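All remarks here apply to the structure that follows.
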Amino acid sequence: MAITKDMIIGEVIQEHPELVRTFFANGMMCIGCPASQGESIEQASVVHGLDADQLVAALNEALEA
Numbered sequence: 387m388a389i390t391k392d393m394i395i396g397e398v399i400q401e402h403p404e405l406v407r408t409f410f411a412n413g414m415m416c417i418g419c420p421a422s423q424g425e426s427i428e429q430a431s432v433v434h435g436l437d438a439d440q441l442v443a444a445l446n447e448a449l450e451a
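Here the sequence shown stands for residues 387 to 451, where the numbers follow the working numbering.
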């Protein structure tokens with residue numbers, strides 16, 4: 387299953403806890419905050435000034451590794 391930017395961060399982490407490192411490595415340090423449980427990757431990327439497409443690409447690459 388590929389990660390998409392409309393997926394909720396909390397659900398992605400629950401399904402793939404190994405991706406926490408990839409979130410951290412790409413500047414998404416708020417994985418444990420309550421907002422991440424209901425925020426999409428795209429929403430959180432906007433809030434943190436990150437490129438959602440770049441983050442999603444890195445997450446999918448990490449899944450394939």
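Virtual Cβ for every residue (Gly too), placed ideally from N, Cα, C. Keep in mind the model is a prediction, meaning the values are calculated, not measured.
Per DSSP, the bridge partner or partners of residue 395: Here the question's residue 395 lines up with position 9 in the sequence shown. Bridge partners of residue 395: none, in fact.
Identity of the residues DSSP links to residue 359 by a beta bridge: Residue 359 lies beyond the stretch modelled for the chain, which goes from 387 to 451, so this question has no answer here.
Chain C contact for residue 443 (CB, 8 Å cutoff): Absent here is chain C; the protein component of the structure consists of one chain.
Bounding residues of the alpha helix (DSSP H) (the contiguous stretch that carries residue 388): Numbered from 1 along the sequence shown, position 2 holds the residue referred to as residue 388. It is not in any alpha helix (DSSP H) - residue 388 carries neither H nor E in the DSSP assignment.
Sequence-distant residues of the same chain with beta carbon closer than 7 Å to residue 406, five excluded per side: As a first step, residue 406 is located in the sequence shown; it is residue number 20 there, counting from the start. Answer for residue 406: 399, 417, listed in chain order.
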